[in-house]
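Numbered by full-length UniProt numbering, the letters in the sequence shown go through residues 1 to 283 in order. One structure below.
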Amino acid sequence: MFASFARNPDLHCHSTVSDGTLTPAALAQRAHANGVDLWALTDHDELGGLTEARQSAEALGLRFVPGVEISVSFAAQTVHIVALNFDDSHPVLQGGLQQIRAGRDQRARDMAADLEKHLGLSDVYAGALRYAGNPALMSRTHFARLLVELGVCRQTHEVFSRYLTPGKPGYVEHEWARLDEALSWVRAAGGITVIAHPGRYRFTETEEWALLERFKSLGGQGIEVVTGSHTAAQARKYAKLALEFGFYASRGSDFHSPGESICDLGRLAPLPADLAPVWDLLH
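Shown next as structure tokens:
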């Protein structure tokens, strides 16, 4: 198991294959330089960066875990499930992720049209497409970068406070995978599932409890406790919930870009000592 040496694991980040700004190879180099000793690339709904990431990590002597962040619909919200340590050639997982990606392009076009309508802009889709390393994975982040370029906002964090979130211009509802579907794909490929950044969702306490119970009942194993978007108070909250539900705890920066991300690769607080780390499950 990895537990004996994983002093600075980072099990959540994104490359140019989804909505990051660094290539998988550059991320491996950054993780290694920052002292990460167990690293996972977890692009959104896409496995295309894993070969480059694995080869680059091996060349650096960096322990690598294949990962992906799967988009799921639950209680009328989008929830992200990080999958780790699976067979990335497995046809069930590959097919499920392809289904998710197939709906992204129309959503992106609808987002562009809504931003054009509310902001008086033109060619928003084409502009955001310039920021997408993978056109099949156009996301809100690509539109946010365009709005910064156009001077609508000063930084991407400001974009997400004014646009592209529920009830605000540019946000488009989309039906992603069901929770049971996503977990079944990962299970078929022999992987581990973790609820990503639970503090970011806008659930009521009842809805959040329902998510955790449903995830547990379907065989979900972990929850991110220490992550780039969690405050110290949120980390304490989800550490407590991890103990209550018997979840393994994960740690990941959710790093996307040197100029945008709240937390750099490997620059995270440690997990509380009383939690079982998810890397205990990795072989």
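Ideal Cβ positions, reconstructed from N, Cα and C, are used throughout, including at glycine.
For the alpha helix (DSSP H) containing residue i, name the first residue and the last one.
i    : result
I100 : 91-102
Q221 : No alpha helix (DSSP H) contains Q221, which DSSP labels as neither H nor E.
R63  : Per DSSP, R63 belongs to no alpha helix (DSSP H); it is in the beta strand (DSSP E), 63-74.
R54  : 50-60
Alpha carbon to alpha carbon, how far is residue i from residue j?
i    : j    : result
L93  : D45  : 10 Å
M138 : T78  : 16 Å
W209 : I70  : 20 Å
S217 : F255 : 30 Å
N134 : H32  : 25 Å
Q99  : G48  : 15 Å
E205 : H230 : 17 Å
A196 : S250 : 9 Å
L275 : D110 : 43 Å
V161 : A108 : Note that residue 161 corresponds to Ser in the displayed sequence, not to Val. One C-alpha to the other measures close to 19 Å.
V278 : A76  : 28 Å
R63  : V152 : 41 Å
L243 : H118 : 45 Å
H80  : R54  : 23 Å
V68  : L41  : 7 Å
D180 : G219 : 9 Å
W39  : G167 : 36 Å
Leaving aside the five residues before and after residue i along the sequence, list all residues of the same chain whose C-beta is less than 6 Å from its C-beta, in chain order.
i    : result
H142 : A128, Y131, A132
G96  : W185
V124 : A112, L115, E116
Quick one: residues in its chain with C-beta nearer than 8 Å to the C-beta of residue i, no 5 flanking neighbours on either side, listed in chain order?
i    : result
A269 : V226, A232, A235
G35  : N8, G266
Q221 : I192, T193, V194, F247, Y248, V278, L281
R154 : V148
Output the boundary residues of the beta strand (DSSP E) element that contains residue i.
i    : result
W39  : 38-41
G127 : Per DSSP, G127 belongs to no beta strand (DSSP E); it is in the alpha helix (DSSP H), 124-129.
S139 : Element bounds for S139: n/a, residue is neither H nor E.
R251 : 248-252
T156 : No beta strand (DSSP E) holds T156; the alpha helix (DSSP H) holding it covers 156-162.
Check the C-beta distance from residue i over to residue j and give it rounded, since I have them as a contact under 8 Å.
i    : j    : result
D10  : S253 : 5 Å
V72  : A189 : Not quite, the Cβ-Cβ distance comes to about 16 Å (not below 8 Å), so this is no contact.
S89  : D43  : That belief does not hold up - the Cβ atoms of S89 and D43 are roughly 16 Å apart, past 8 Å.
I223 : L241 : 7 Å
V82  : H174 : At roughly 19 Å, the Cβ-Cβ gap does not stay under 8 Å, so V82 and H174 are not in contact.
Under a Cβ-count criterion, where at least 16 other Cβ atoms within 10 Å of its own Cβ denotes burial, should residue i be classed as buried or exposed?
i    : result
A102 : exposed
D114 : buried
P91  : exposed
L150 : exposed
P258 : exposed
S122 : exposed
Consider the C-beta atom of residue i and the heavy atoms of the ligand FAD; say whether any pair is separated by less than 7 Å.
i    : result
V226 : This structure lacks the ligand FAD; in fact it carries no ligand of any kind.
I want to see whether chain B comes within less than 8 Å of residue i, judged by CB atoms only; does it?
i    : result
F160 : The displayed structure is made up of one protein chain only, and chain B is not part of it.
Near residue i, what residues of its chain come up, given a Cβ to Cβ distance below 7 Å and the 5 sequence neighbours on each side ignored?
i    : result
A3   : Bear in mind that the predicted position of A3 carries a pLDDT of just 47, short of 50, making it too unreliable to give a figure here.
R200 : S229
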